[in-house]
Amino acid sequence: MELRKVKKKDVELLFNWANDSSVRKNAINSNSIEWENHTKWFNHKIKSNDSFIYILEEDQTPVGQIRFDKTDEGYLIDYSIDLVFRKKGYGTKIVKYGCDALKKEFHTVITILAEVKDINIGSSKIFLNLGFTLIKEQTISKQFFYTYKKVV
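The letter at position 22 of the sequence shown is residue 21 when you use numbering that gives the first Met the number 0, and the numbering goes up by one with no holes.
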């Protein structure tokens, strides 16, 4: 298993994953994503010093993506696993490997945050099992969210 930095060729893969119906259901913004908006977003993110995107692969097959975006409080996680690989432990692996990779980028202590819809029980379990602490409960756009935090 390998976690690698995203490449330009991954633009369509991330687009397809982002528009998966269960990914949209668990996203803060649950609207589908248009190709033109995605490509602009993607090109901005891969050039940004404030965003880090990785792809988890097993035997050179993409399994999922994890992204970290800089905020005032730390780095906010966004991750998803390909439909074929869900419920097989890859969520835990990608979050663990992703946090390790981000820490290596900085060689210092960093704060990592995750916002999870209350209906996404699997992700909440992953963050708690990996040592994240529940720090806030809030409603955003009529949806209830948990915020988790870990300093690595």
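Built from N, CA and C at the ideal position, the CB exists for glycine as well.
- In this structure, DSSP gives S31 a state outside helix and strand, which the three-state scheme calls coil.
- By the beta-carbon neighbour count (other beta carbons within 10 angstroms, threshold 16), F131 is buried.
- In the three-state reduction of the DSSP assignment, R23 falls in the helix class, which pools H, G and I.
- In the displayed model, S140 falls within coil according to three-state DSSP, outside both helix and strand.
- Boundaries of the alpha helix (DSSP H) harbouring F105: Y89 to F105, taken from the DSSP string.
- One alpha carbon belongs to N18, the other to H106, and they sit about 34 Å apart.
- Sequence-distant partners of I93 (beyond 5 residues in either direction) whose C-beta falls short of 6 Å from its own C-beta, in its chain, are L55, G63, I65 and Y78.
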